[in-house]
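Protein chains: 2
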Amino acid sequence: MILTVTLNAALDLTYVVDALVPHRAHRVSTVVEKAGGKGLNVARVLSHLGEKTVATGLLGGRNGSRVAELLGDSPARMRTAFATIAGETRRTVVVVDGDATGFWEPGPVVTEAEWSSFVGHYTALLTISRVAVLSGSLPAGLPVDAYAVLVTAARAAGVRVVLDTSGPALAAALPAGPDLVKPNAEELAEVAPDADLSTVDGVLAAASALRGHGVGTVLASRGPEGLIALTPDGAFRAVPPHAVSGNPTGAGDACVAAIARAWRHRTPWPGALRDAVAASAAAVAAPQAGDLDTRTFLSLRHGVAVTEL
Amino acid sequence: MILTVTLNAALDLTYVVDALVPHRAHRVSTVVEKAGGKGLNVARVLSHLGEKTVATGLLGGRNGSRVAELLGDSPARMRTAFATIAGETRRTVVVVDGDATGFWEPGPVVTEAEWSSFVGHYTALLTISRVAVLSGSLPAGLPVDAYAVLVTAARAAGVRVVLDTSGPALAAALPAGPDLVKPNAEELAEVAPDADLSTVDGVLAAASALRGHGVGTVLASRGPEGLIALTPDGAFRAVPPHAVSGNPTGAGDACVAAIARAWRHRTPWPGALRDAVAASAAAVAAPQAGDLDTRTFLSLRHGVAVTEL
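First to last, the sequence lines map onto chains A and B.
The first sequence runs 275 to 583 under my numbering.
The second sequence runs 275 to 583 under my numbering.
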């Protein structure tokens with residue numbers, strides 16, 4: 275079982291309009307409501323790949339109920355076990371007129387008691403999990419080291435843990451020793467300000483600095499050029515056979531999902547990275563974040579070139 | 275009792291952002307949720323003016339429940355008696371960065387059975403009403419002559435009826451003989467394409483053409499320059515003592531509310547128009563549609579100049 279955690283889930287609304295013109299009124303031709311949040315995207319990709327998952331996190335209020343209702347349509351292998359909070363789950367509104375314009379509500383404030391209760395709930399779910407994936411931002415009210423608490427609990431339970439977040443939430447969780455982090459370019463630049471991140475050596479230097487904080491593996495995405503991974507078993511580079519065009523939102527979640535799946539099946543690094551690059555590309559080729567074009571995934575995975583650095 | 279009807283109510287979301295930039299992501303600093311719809315604005319203004327109202331219309335789904343919950347905070351003299359439909363009440367999102375950018379969801383599709391049931395519900399409410407105010411657009415699924423049905427029922431019950439809508443919904447209701455309509459410039463131009471609507475004579479000509487369809491009174495707003503009314507008792511012009519700056523959204527609803535209140539108290543035309551112009555200006559001076567600055571209302575009403583044309 276793979277456990278995904280979405281502390282700051284959202285009710286995602288997509289509004290299709292002809293053309294967004296500031297300071298005008300727009301008739302929305304199509305409204306799509308979706309259960310949103312990076313951890314839920316990871317769970318959906320895993321479900322597309324045939325894995326059993328439990329998606330947990332925090333949901334509250336009417337928007338939270340709507341998210342739970344939308345998740346009710348998930349396939350049987352994607353179970354949900356969210357904890358309820360008093361605050362209102364945030365909405366995100368994305369206005370699409372060819373390109374996308376996003377509006378993120380600030381989201382709920384989680385109380386101390388709700389957080390303590392969630393940690394208990396999560397710890398119980400760890401007992402049936404092999405891998406945990408912690409994704410996305412922290413809602414207000416949570417301590418900055420909230421992910422450190424969840425990483426520590428996973429390690430204590432013998433569950434491998436992937437952490438995909440950024441900023442202070444990531445920095446505060448590094449000493450707890452997550453098995454894998456996926457920093458963005460900003461974070462890499464922060465730990466290695468002198469490194470040239472356009473080069474493989476520069477990325478490796480930054481990843482090495484991050485690993486020094488106690489992290490198992492550092493995975494650095496290079497967009498259409500694939501991945502660089504600094505792992506306990508060595509450094510690797512994985513490059514897709516060709517570029518895929520589409521929507522890059524959700525590619526990172528698909529990448530993380532593929533790694534979690536590989537760990538669940540004890541696949542060694544070259545194979546895990548091959549899957550991760552193919553899943554990212556297949557997510558780019560799919561219309562919505564959290565979807566995955568399985569044909570693209572299957573056709574690409576054997577063409578991904580993994581080299582040890 | 276004054277009955278207000280809002281067939282296409284909405285959950286209004288106001289998102290405050292620093293600056294709206296198309297094709298970027300925006301953090302929303304403040305979210306305001308409000309029960310929206312022109313008929314509800316009319317009811318709120320009436321409530322500010324001390325009148326007892328019943329607000330009816332159609333609500334459905336989670337958004338509808340949220341609207342009902344928000345209406346629960348209304349003062350006791352503003353009662354609500356909405357009928358429930360299966361479809362989901364629409365949301366409107368207005369992004370404010372100094373100026374406003376609006377996104378209107380398409381809204382629910384009302385079934386024939388829901389409409390028949392609502393007509394019965396409305397007819398029952400007419401028995402306790404002196405005046406009915408029908409405001410706003412028609413949701414999908416309703417016949418284009420829906421307002422004609424409601425106007426006919428009001429007249430049969432001896433209830434005076436104000437119709438504030440536009441386009442085909444207005445055109446189809448004219449033969450039913452509403453006691454007052456408040457056409458916009460487009461509608462006036464349509465019935466009298468040769469009239470110069472920048473002149474009082476031009477507006478009177480257009481209003482006269484509209485009255486020919488069976489309407490009691492035609493009220494034409496001239497924005498900061500006040501109102502022109504073609505009534506069964508003659509033609510009038512009402513001009514405010516000075517311009518008021520602020521938010522013009524909701525001024526039309528305040529105007530209609532003042533007329534309904536005047537009818538409820540059998541106030542003759544000059545006084546009714548004085549109130550209507552003062553209420554419009556007081557709504558412009560208030561921060562939110564449906565609010566009314568009562569001090570502005572009281573200070574302006576005696577300064578409004580009403581002349582018979």
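Glycine is no exception: its CB is placed at the ideal position from the N, C-alpha and C atoms.
Given this structure, state the Cα-to-Cα distance separating A584/B from S303/A, to the nearest angstrom.
Residue 584/B is absent from the model: chain B starts at 275 and stops at 583.
Taking a Cβ distance cut-off of 8 Å, strictly less, list which residues of the region 307-330 of chain A are near chain B, in chain order.
The region 307-330 of chain A vs chain B, Cβ under 8 Å: nothing.
Rounded to a whole number of angstroms, what is the C-alpha to C-alpha distance between G451/B and S519/B?
What you label residue 451/B is simply residue 177 of the second sequence in a count that begins at 1. What you label residue 519/B is simply residue 245 of the second sequence in a count that begins at 1. The straight-line gap from Cα to Cα measures roughly 35 Å.
Closest Cβ-Cβ distance between G376/B and chain A: below 8 Å?
In the second sequence, residue 376/B corresponds to position 102, counting from 1. Taking Cβ atoms only, chain A reaches closer than 8 Å to G376/B, which makes this a yes.
For G508/A, I'd like the list of residues in its chain whose CB is within less than 6 Å of its CB, leaving aside the five on either flank, ordered along the chain.
Here residue 508/A corresponds to residue number 234 of the first sequence, with the count starting at 1. Cβ neighbours of G508/A beyond the five flanking positions: E582.
Identify the contact partners of D527/A in chain B, using a Cβ-Cβ distance below 8 Å as the criterion.
Within the first sequence, residue 527/A is the residue found at index 253, counting from 1. In chain order: nothing, as chain B lies at least about 17 Å away.
Taking Cβ to Cβ, would you say G410/A is nearer than 8 Å to G311/A?
By one-based count along the first sequence, residue 410/A stands at place 136. By one-based count along the first sequence, residue 311/A stands at place 37. Closer than 8 Å, so yes.
Any idea what DSSP makes of I533/A, helix, strand or coil?
Looking up residue 533/A in the first sequence gives position 259. Here I533/A sits in helix by DSSP.
For a contact defined as C-beta to C-beta under 7 Å, what are the partners of R298/B on chain A?
Looking up residue 298/B in the second sequence gives position 24. In chain order: T375.
Checking contacts by CB at 8 Å: is V302/B closer than that to chain A?
Position 28 of the second sequence, counting from 1, holds the residue named residue 302/B. For V302/B, the answer is yes, since a Cβ of chain A falls inside 8 Å of its Cβ.
Could you work out which residue in R496/A, P522/A, N521/A, A481/A is closest to A506/A when comparing CA atoms only?
Counting from 1 along the first sequence, the entry for residue 506/A is found at position 232. In the sequence on display, residue 506/A carries Pro and not Ala. Among R496/A, P522/A, N521/A, A481/A, the Cα nearest to that of P506/A belongs to A481/A.
Hey, which unbroken runs of the beta strand (DSSP E) at 3 residues or more fall wholly within the region 450-499 of chain A?
For the region 450-499 of chain A, whole beta strand (DSSP E) runs of length 3 or above, ordered along the chain, are 491-495.
So for R575/A, helix, strand or coil by DSSP?
Within the first sequence, numbered from 1, the residue matching residue 575/A stands at position 301. If DSSP states are grouped into helix, strand and coil, R575/A belongs with the helices.
Would you decide whether D373/B is buried or exposed? Buried here means 16 or more other CB atoms lie within 10 Å of its CB.
Walking along the second sequence from the start, residue 373/B turns up at place 99. Classification of D373/B: exposed, given that the 10 Å Cβ count is below 16.
Please state whether the Cβ-Cβ distance between F510/A and L547/A is less than 8 Å.
The residue you call residue 510/A lines up with position 236 of the first sequence. The residue you call residue 547/A lines up with position 273 of the first sequence. Yes; because the gap between Cβ atoms is below 8 Å, this pair is in contact.
So what does DSSP say about H516/A, is it helix, strand or coil?
Taking the first residue of the first sequence as 1, we reach residue 516/A at position 242. Coil at H516/A, not helix or strand.
Tell me which residues of the region 377-393 of chain A have at least one Cβ-Cβ distance to chain B shorter than 9 Å, keeping chain order.
So the close ones are F377, W378, E379, P380.
As a quick exercise: from A360/A, V405/A, P380/A, R365/A, pick the residue whose alpha carbon is nearest that of P386/A.
One-based indexing of the first sequence puts residue 386/A at position 112. One point to set straight first is that residue 386/A is Glu, not Pro, in the sequence displayed. Cα-wise, what sits closest to E386/A is A360/A.
Buried or exposed: where does L462/A fall if 16 or more other Cβ atoms within 10 Å of its Cβ makes it buried?
Working through the first sequence from its first residue, we reach residue 462/A at position 188. With 16 or more other Cβ atoms within 10 Å, it is buried.
Could you check what DSSP says for H395/A in three-state terms: helix, strand or coil?
One-based indexing of the first sequence puts residue 395/A at position 121. It is helical.
Give a yes or no on whether the C-beta atoms belonging to L416/A and W389/A are separated by under 8 Å.
The residue you call residue 416/A lines up with position 142 of the first sequence. The residue you call residue 389/A lines up with position 115 of the first sequence. Yes.
Taking the beta strand (DSSP E) that D565/B falls in, what are its first and last residues?
Locating residue 565/B in the second sequence gives position 291, where the first residue counts as 1. Taken as a continuous stretch (DSSP letters only), D565/B belongs to no beta strand (DSSP E), as it is neither H nor E.
Roughly how many whole angstroms lie between the Cα atoms of R364/B and V291/A?
Numbered from its first residue, the second sequence carries residue 364/B at position 90. Numbered from its first residue, the first sequence carries residue 291/A at position 17. Going by the C-alpha atoms only, they are around 15 Å apart.
Pair every Cβ in the region 313-320 of chain B with every Cβ in the region 525-532 of chain B, then say whether three or more of these pairs are closer than 8 Å.
In short, these stretches touch, since the Cβ pair count reaches three.
Using DSSP with H/G/I as helix, E/B as strand and the rest coil, what is R351/A?
Taking the first sequence and counting its residues from 1, the one referred to as residue 351/A is at position 77. Residue state, collapsed to three classes: coil.
Relative to the C-alpha of T523/A, which candidate in Y396/A, A329/A, S440/A, A560/A has its C-alpha closest?
Stepping through the first sequence from its first residue, residue 523/A is reached at position 249. For T523/A, the nearest C-alpha among the options comes from A560/A.
Does the beta-carbon of D286/B have 16 or more other beta-carbons within 10 angstroms, so that it is buried, or is it exposed?
Indexing the second sequence from 1 puts residue 286/B at position 12. By the 10 Å Cβ count, D286/B comes out buried.
If you reduce the DSSP assignment to three classes, tell me which class E582/A lands in.
Here the question's residue 582/A lines up with position 308 in the first sequence. Correct three-state label for E582/A: strand.
With distances taken from CA atoms, which of K326/A, F392/A, E362/A is nearest S339/A?
On the first sequence, position 65 is the one that residue 339/A refers to. Closest option to S339/A, Cα to Cα, is E362/A.
Give me the residue from L424/B, D565/B, P449/B, T397/B with the minimum Cα distance to G486/B.
Within the second sequence, the letter at position 212 stands for residue 486/B. Here the closest residue by C-alpha is P449/B.
Who are the neighbours of L294/A on chain B, taking C-beta pairs under 7 Å?
Locating residue 294/A in the first sequence gives position 20, counting from the first residue. Within 7 Å Cβ-Cβ: P296.
Roughly how many angstroms lie between the CA atoms of A284/B and T366/B, to the nearest whole one?
Walking along the second sequence from the start, residue 284/B turns up at place 10. Walking along the second sequence from the start, residue 366/B turns up at place 92. Spanning the two alpha carbons is a distance of roughly 7 Å.
Inspect the beta-carbon positions of V425/B and V418/B and report whether they are closer than 8 Å.
Working through the second sequence from its first residue, we reach residue 425/B at position 151. Working through the second sequence from its first residue, we reach residue 418/B at position 144. Not a contact, by the Cβ cut-off of 8 Å.
Can you check the region 371-443 of chain B for any alpha helix (DSSP H) of at least 4 residues that lies completely inside it and give the ranges in chain order?
If we require 4 residues or more, the alpha helix (DSSP H) runs fully inside the region 371-443 of chain B come out as 386-400, 420-430.
Output, in sequence order along the chain, the residues in the region 359-373 of chain B whose CB is closer than 7 Å to any CB in chain A.
Those would be V367, V369, D373, in chain order.
I'd like the list of long-range same chain contacts for R429/B, defined as Cβ closer than 7 Å, with 5 residues on each side in sequence excluded.
On the second sequence, position 155 is the one that residue 429/B refers to. If we look at R429/B and ignore the five residues flanking it on each side, its Cβ neighbours are V435, G451.
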